[in-house]
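In terms of the working numbering, the numbers along the sequence shown are unbroken and rise by one, the last being 1996.
By construction, the Cβ of each residue, glycine as well, lies at the ideal position given by its N, Cα and C atoms.
Keep in mind that this is a model prediction, so the values were computed, not measured.
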Amino acid sequence: MTIADADNGTEKSFANSLLNGTLGLDLHRHSEYIGPASYHEPALLDLKQSAVSTTGQDKSYPRRVSQSTAFITYPDDESASQLQCWANLDQIEECIRPLGQTLVNLYFHIMHRTFPILDKNVFLEKYAQSYRNFSPPLLASVYLLALEWRFFDRQLASLARAPDAGRLENLAMRAMDDERKRPKLSTLQAGLLLLQRKGSSHNDTLPAQLLSLGQTLGIHVDCSDWTIPEWEKSLRKRLAWALYMQDKWGPLVHGRASLIPTQIDGDQDTSDWVVRPCTLNDFPETIADDEGSGVVDGPAGREAFLHSIELTKIFSCITATFCSTGATRKGGLLDRIGASGALELAKPLALQLRDWHARLPPSLQLDSTPSLKLSTNGALHLSHAAAELTIHRALLRILAPDDRPSLISAVRGAARARLVSAINLIGSFQLQHLQSFWGFAAAAQVTLVGALAGLLWATSANADEVSEYAEHLERLRWILQVWASAIPFAREALRMLEEEIGDLAAMKAATDCD
C-alpha cells in the first residue's frame, strides 16, 4: 500500500465521522459564499447539478445551506495541490518530530482555553488518524503557539534545543499564500493564530486578507438555520467573533481603519454583519475537559472570551466616534463641536465601559485565579484600560488654548487619573497573568499607556507637570524592563515604547540646554 493509498483510507474513515455534512472543512474542496448582490441568481442555482448527483470530484456545484443562503463548492486542483500539501505537511512535521502530540496537547491545555477558535474534538480525532489530515498552515500555527509555552511541559522544557520556530513560521506563511487560493475554515483559523505571534514580520496585510477570506467563507452570515452540523455552527460563531476582535483592535496596532461596520447591534435589516451573539452554549468542551491537566481555568477562559467580545463592541464605537477619518478631519465632527461637545460624546461611552467592568463575574476579577492556574484576566483588564485611555487621549487632542480653564483642568485631570490607574494595573500583574495568553494587541495597549503619558508631558503647562509625566513613563518602562527577558509582549512593548517616545527626561534636558 502506498502512502497515498493509506491517506485515502484515512480520509474515507474520517469522512464518516465528525466531518459529515460540514461546509468549508473538506480537505479537497473549498466553498465560496454567494452574496445577495452577486451576479449569481440563487433561484437558478437550484436548477444546476446538485452535490448529491455529482459523480466526480472535478466539477463545481452549488450547495444551498438555507432558504436564503447558498455556496458554490469547487474541487481543489488534485494533481498539484495535494502533492504540495503533503510535502508542506511533511516539512512541518520534520521540524518538530517527535514532539507533535506533545505540542498539540499543550496547545489545548493553554491556548485553546483562552482563544477557542478550533473544535477540540474534531482536531484531536483528525490528528489521531494522521497529521496529513490538516491544512499545512493550521498545523504549523498550532505547533508554533504551543512552543511559546514549552516550559509548561517537562519533556519540552528539558530539550537542549527547541524546534526552530522561525522555520516553522516561514513554512506556515508560505503555505498560507497557497491556501488563500482555495480557502477553508482552517485557512482562517491558521491566519488568526499566526496573528497572535508577538513581533511577527508577516502581520502587516494579513488582517485585511483574513476579512476578505472570511466573507468568502460566509463567516459574517447568521448560520443558525444552515444544514450543517451543530458543532460547526458554534465553531463559525467563535471564529466570526475572533475575526471581529482582530479587526476592531487592528486600528490601535496598525493605524488603519476597521473594515467591519461599527453598528452591528442596531438595524439588522441593513447590516452586512449578522452573526448571532456567542454564548456558553457555543463551547462544546465538557466538565471532564475542564478538569483535565490544563493549566488554564477553562470556564474562566470562555467567560473572558465572551466578555472580550462585548468590550470590543464598545471599543469599536469609541474609535468610530473619536478616531475615524471623518470625525478627525479638518472641519469634521470633532473640529465643529470642540472639546465641550466631544466630552458629551464621551460620557455615554465611558458609562458603557464602567457598566461592562461592573458586570464582570468574580472569576474574571484581576485577583481571582485558582491555585496553579494561568489567568487571562490581566489581558482582559488591560484591554479595558486601553479602551478608557483611547477616550482620554482623544479629548486631550481636541483641547484648544482658548477653551475654558475649568474644562482644560477637568480633561487633563481625568486623563492623569486614568494614566496612573493604568500604570498601577500593569504593575499589579502577577506571574499567572504574565505567563498566560496575551492577544495580538497587548503590546500596543501597553504602548498606548506610554503614549498618553507622552501627550500629557508634551502639553504640560509647567515644569512640575513635565517632571511628573516623565516619572510616570520611567516607571512604566522599568516595569517592562523587569519583565522583558521572559515575557514576549512586554519585550515588544518596550521596543515600541522606545521607538514612539524615547527618553523624555533626556529630551527635556536637551531642550533646556538649547
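Closer than 7 angstroms to chain C by CB, residue i
i     : result
S1798 : Protein chains in the displayed structure number just one, and chain C is not present.
Bounding residues of the alpha helix (DSSP H) (the contiguous stretch that carries residue i)
i     : result
T1555 : Run containing T1555: none in the alpha helix (DSSP H); it sits in the beta strand (DSSP E), A1552 to P1557.
V1894 : This sequence places Arg at residue 1894; Val is not what is there. Looking at the DSSP string, the run of the alpha helix (DSSP H) that includes R1894 is P1887 to G1909.
R1973 : P1970 to E1982
Y1726 : E1712 to H1736
H1866 : N1859 to I1880
P1524 : P1524 to L1527
A1543 : Inspection of the sequence shows that residue 1543 is occupied by Tyr rather than by Ala. Counting along the chain, Y1543 falls outside any alpha helix (DSSP H), though it belongs to the beta strand (DSSP E) covering Y1543 to R1546.
D1837 : L1815 to A1840
D1694 : The sequence as given places Ser at residue 1694; Asp does not occur at that position. Segment L1688 to T1698, the alpha helix (DSSP H) holding S1694.
Y1951 : A1945 to A1966
I1800 : G1780 to F1804
H1702 : First-last for H1702: undefined, no H or E at that position.
V1777 : From DSSP, V1777 is part of no alpha helix (DSSP H); its letter is neither H nor E.
T1669 : L1667 to L1677
Q1912 : Run containing Q1912: none; DSSP gives neither H nor E here.
L1934 : A1924 to A1940
Backbone CA spacing between residue i and residue j [nearest angstrom]
i     : j     : result
L1815 : S1706 : 39 angstroms
G1474 : K1829 : Nothing can be reported for residue 1474: it is not among the residues displayed for the chain, which extend from 1483 to 1996.
V1778 : S1853 : 10 angstroms
A1897 : A1933 : 12 angstroms
A1533 : F1597 : With a pLDDT of 42 at A1533, under the threshold of 50, the modelled position of that residue is not reliable, and the figure given next carries that caveat. Using only the alpha carbons, I get a separation of about 34 angstroms.
W1838 : H1863 : 11 angstroms
A1610 : G1506 : 21 angstroms
D1884 : L1938 : 18 angstroms
V1757 : A1924 : 26 angstroms
I1599 : Y1589 : 12 angstroms
L1979 : Q1691 : 28 angstroms
L1930 : D1946 : 23 angstroms
R1636 : L1620 : 25 angstroms
N1587 : A1639 : 14 angstroms
R1662 : S1668 : 11 angstroms
E1493 : P1711 : Because E1493 carries a pLDDT of 48, less than 50, the predicted location of this residue cannot be relied on, and no value is offered for it.
S1806 : Y1613 : 45 angstroms
E1826 : A1809 : 15 angstroms
I1796 : S1550 : 31 angstroms
E1785 : P1689 : 25 angstroms
T1504 : E1714 : 7 angstroms
A1901 : A1672 : It should be noted that the sequence gives Leu, not Ala, for residue 1901. When rounded, the distance between both Cα atoms is 36 angstroms.
S1753 : D1558 : 32 angstroms
I1800 : A1882 : 21 angstroms
S1740 : A1642 : 43 angstroms
P1733 : T1744 : 13 angstroms
S1845 : Y1543 : 48 angstroms
W1568 : A1657 : 11 angstroms
F1787 : I1592 : 14 angstroms
L1565 : P1781 : 41 angstroms
F1616 : P1970 : 28 angstroms
Buried versus exposed call for residue i [16 or more other C-beta atoms within 10 Å across all chains shown]
i     : result
V1518 : A small fix is needed here, since residue 1518 is Pro in this sequence, not Val. Per the 10 Å Cβ criterion, exposed.
A1841 : First, the residue type needs correcting, since residue 1841 is Arg and not Ala in the sequence shown. Its Cβ having fewer than 16 others within 10 Å, R1841 is exposed.
S1888 : exposed
L1653 : buried
L1529 : exposed
G1737 : exposed
D1704 : buried
T1794 : buried
N1502 : exposed
S1520 : exposed
K1666 : buried
K1730 : buried
N1944 : exposed
M1655 : buried
A1899 : exposed
K1812 : exposed
D1686 : exposed
N-terminal and C-terminal residue of the beta strand (DSSP E) that residue i is part of
i     : result
E1514 : R1511 to Y1515
Proximity test, residue i beta-carbon vs the ligand SAM heavy atom, cut-off 6 angstroms
i     : result
W1755 : Annotation note on the ligand SAM: not contained in the displayed structure, which lists no ligands.
Under 8 angstroms: do the region 1549–1565 and the region 1624–1633 share three or more Cβ pairs, one atom per stretch? Contact between the region 1549–1565 and the region 1624–1633 is absent: fewer than three C-beta pairs spanning the two stretches fall below 8 angstroms.
Touch check for the region 1900–1909 and the region 1955–1966: three-plus C-beta pairs under 8 angstroms? Short answer: they touch.
Please give the ranges of any beta strand (DSSP E) in the region 1549–1614, keeping only runs that are unbroken, at least 3 residues long and fully inside the region. At a cut-off of 3 residues, the continuous stretches assigned as beta strand (DSSP E) that sit fully inside the region 1549–1614 are 1552–1557.
contact_flag[the region 1631–1647, the region 1569–1586] where n(CB pairs < 8 angstroms) is 3 or more: At 8 angstroms Cβ cutoff, the stretches touch.
Whole beta strand (DSSP E) elements within the region 1605–1659, 3-residue minimum: DSSP assignment within the region 1605–1659 yields no whole beta strand (DSSP E) run of 3 residues or more.
Meets three-Cβ-pair contact criterion under 8 angstroms: the region 1637–1656 and the region 1593–1608: The region 1637–1656 makes no contact with the region 1593–1608: fewer than 3 CB pairs, one atom from each, lie closer than 8 angstroms.
I'd like to know if the region 1715–1729 and the region 1692–1704 are in contact, where contact means that at least 3 CB-CB pairs between them fall below 8 angstroms. With the cut-off at 8 angstroms, the region 1715–1729 and the region 1692–1704 touch.
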